[in-house]
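Engineer:
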Amino acid sequence: MNYASKILTLFTCLAGFANAGSQPLFENSDFEKGDLTNWTAEGDAMIMQPTKGDQMQARKQGSTNIQGEYWIGTDEKYTGKKGRPAMKQGNAPMGRLVSKEFTISKPYINFRIAGSDDHNGVGVNLIIDGQELMGTSSLNRGETMSPISLDVRKYQGKKAQIVIFDQDQDQGHFGFVSVDDFQASKQANKTVFIPIKKPKLKNEWATFPEYKRVGYDQTLRPQFHFTSRIGWLNDPNGMVYSDGEWFMYFQHYSKGNANGPKSWGSSVSTNLMNWKQFDHAINPYDNVMWEGGNKHAIWSGSAVVDINNALGKQKADTKTLFALYTATHSNKEKQVEFFQGGMYSTDKGRTWTIINDGKPVIPHQKGRSGSQRDPRIFYYELGGYYVTIMMIGGKDRAVRLWKSEDLLNWEFMSDIPNKAAECIDMYTVAVDGNPNKVICP
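If you count by mature numbering (1 follows the signal peptide of the UniProt record, and there is no 0), then the sequence shown holds residues -20 to -1, 1 to 421, one letter each, in order.
(1) Taking only the alpha-carbon atoms, compute the straight-line gap between K328 and V248 and give it to the nearest angstrom.
(2) Grouping DSSP H, G and I as helix and E and B as strand, with all else coil, what is N336?
(3) Quickly, what does DSSP pair M323 with across the bridge? List them, please.
(4) Using a Cβ-Cβ cutoff of less than 8 Å, which residues in the same chain neighbour F6 once the five nearest sequence positions on both sides are dropped?
(5) Less than 9 Å between the C-beta atoms of G245 and V157, yes or no?
(6) Who are G63's beta bridge partners in DSSP?
(7) Give me the Cα-Cα distance between G42 and E56, rounded to the nearest whole angstrom.
(8) For chain C, find out if any of its Cβ atoms is closer than 9 Å to the Cβ of K139; answer yes or no.
(9) From the DSSP output, which residues share a beta bridge with R377?
(10) For D34, I'd like the list of residues in its chain whose CB is within less than 7 Å of its CB, leaving aside the five on either flank, ordered along the chain.
(11) Buried or exposed for Q257, please, with buried defined as at least 16 other CB atoms from any protein chain shown within 10 angstroms of its CB.
(12) Counting along the chain, where does the beta strand (DSSP E) carrying M393 start and finish?
(13) Comparing alpha-carbon positions, which option in G347, K375, G363 lies nearest W382?
(14) When you compare only the Cα positions, how much space is there between A186 and N263?
(15) Per DSSP, what are the beta-bridge partners of T31 in this structure?
(16) Count the other CB atoms, across all protein chains shown, that sit within 10 Å of the CB of E391; report buried if there are 16 or more and exposed otherwise.
(17) Closest to T326 by CA distance: which of K68, T298, F11 is it?
(18) Could you tell me whether the Cβ atoms of A303 and W279 are closer together than 9 Å?
(19) Keeping to the same chain, check which residues put their C-beta closer than 8 Å to that of M219; ignore five residues upstream and five downstream.
(20) Kindly identify the DSSP beta-bridge partner or partners of D286.
(21) Enumerate in chain order the residues of its own chain whose CB-to-CB distance from P397 is below 7 Å, with the five nearest sequence positions on each side excluded.
(22) Look at the Cβ atom of R348, then the Cβ atom of C403, and state whether they are nearer than 9 Å.
(23) According to DSSP, L213 sits in a beta bridge with which residue or residues?
(24) Inspect the beta-carbon positions of T116 and V104 and report whether they are closer than 9 Å.
(25) Do the CB positions of D405 and I369 come within less than 9 Å of each other?
(26) Thinking P198 and V172 are a contact (beta carbons under 8 Å), I'd like their distance in whole angstroms, please.
(27) DSSP three-state label for F188, please.
(28) Go to M371, then tell me how far its beta strand (DSSP E) extends in each direction, as first and last residue.
(29) Would you be able to state if there are at least three C-beta pairs under 8 Å between the segment 179 to 196 and the segment 132 to 142?
(30) Could you tell me the boundaries of the beta strand (DSSP E) in which D160 lies?
(31) Along the chain, where does the beta strand (DSSP E) that runs through A21 open and close?
(32) Going by CA-CA distance only, name the one from F206, T31, G1 that's closest to F11.
(33) Out of K242, Y221, T333, point me to the one whose CA is closest to D215's CA.
(34) Tell me, please, which residues DSSP counts as bridged to G329.
(35) Using 9 Å as the threshold, is the C-beta distance between G75 and D24 below it?
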């Protein structure tokens, strides 16, 4: 046996003992009987279940990371007796699989999961005391299953049932769920969710009330850099300081860990080290269509403290926060157009009001194609007005400047040709002793 083979063998042995303190929740909780014994199936998605064998390997696309031979994959169409390896039934079928009742005997329920990361459509829940609790969906959109745990310490000794559900009507690539190997365990996997009573959401994107399923005490959770409790994040937006607090908003996919239609996540700090996350500042507009070109998603932007109450919204001594953000919509030709929307907060950035029902504050610039985004707004004290600087895409990319005295009506100032860049900035600096000079890095 060569050195590489020894390492592989050692890794395989270690992997097999990763959850040595585990045992099946009940007979066939790992689906290895090759049927749905101790499970009750509802809907078309469960007709061809369980699935047999590693279907990603059969399609020569990697590995599904199954345990044993049998597992649940709601887009698969091979049971070992019906269908054929690598065959799919697609994402259209929907359904539920509910387990027999069992007693929660250990602190954690461990299993493997893949598919969509949108828990509104697919995932695994728990029924305890007759109430269905929100569990988890996949960590990332994909077909390779990852280990995950539900923290059920507070429910030990209670009767429970597992619910596997696929109610995703999205006909896109990941409208399915794959699961395998439900185990009762003394030891949790690295990613742990806490089952909670499913909160009522204002809309499908207002998911922050669901974030209490996850804490900041996970083994691999960064403790120095800010992370959202749940979900994908990217560019910081709207970073301002007001009344003893630092505000940091950020590009955020509020349904899962993969990229998708963006919201502005929200966080506040008093020391730039410890951050508290609040409800999303703004979410995608209605009828968002990610596959069709990011229509109505919320992109990067910036914010200012309205120190002179130019907007006229100030309440008592609390200064209004005002933000410009890029959004998208489709024109009559069904082409995506970028525009700049506005919103304001009168309660120290905890909640935000969209201006003019989300219609453009700065409309799409006709005659210019491509991206028109990432508005940077600042107060130009020497002129006594606000300035917005932004990239204007197209063949001849440029930087465009506007000015406004009331934050609502923006007047074109000038273009800086062939100087465009994403998330561009501008500020005044003293050049050769002259404080009136403006530099755009």
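Ideal Cβ positions, reconstructed from N, Cα and C, are used throughout, including at glycine.
On a predicted model such as this, the values are computed, not experimentally measured, just so you know.
Structural biologist: According to the structure data:
(1) 10 Å
(2) helix
(3) A303, I334
(4) In chain order, N18, S79, K80, F82 place their CB closer than 8 Å to the CB of F6, counting only its own chain and leaving out the 5 sequence neighbours on each side.
(5) no
(6) Y58
(7) 15 Å
(8) Structure shown: chain C not included; a single protein chain is present.
(9) According to DSSP, which records beta bridges pairwise, R377 is partnered with nothing at all.
(10) S43, T44, I46
(11) buried
(12) From DSSP, the beta strand (DSSP E) with M393 extends over 391 to 397.
(13) G363
(14) 7 Å
(15) W51, per the DSSP bridge assignment.
(16) exposed
(17) T298
(18) no
(19) W226, F227, M228, Y229, S282, A283
(20) D286 is bridged to T300.
(21) D376, A378
(22) no
(23) The partner list for L213 (beta bridge, DSSP) reads H232.
(24) yes
(25) yes
(26) Here the sequence assigns Gln to residue 198, which means Pro is not the residue at that position. The Cβ separation is near 6 Å, so the contact holds.
(27) helix
(28) 365 to 372
(29) no
(30) That run of the beta strand (DSSP E) goes 157 to 165.
(31) 19 to 22
(32) T31
(33) Checked all of K242, Y221, T333; the closest Cα to D215 is K242.
(34) None; G329 has no bridge partner.
(35) yes
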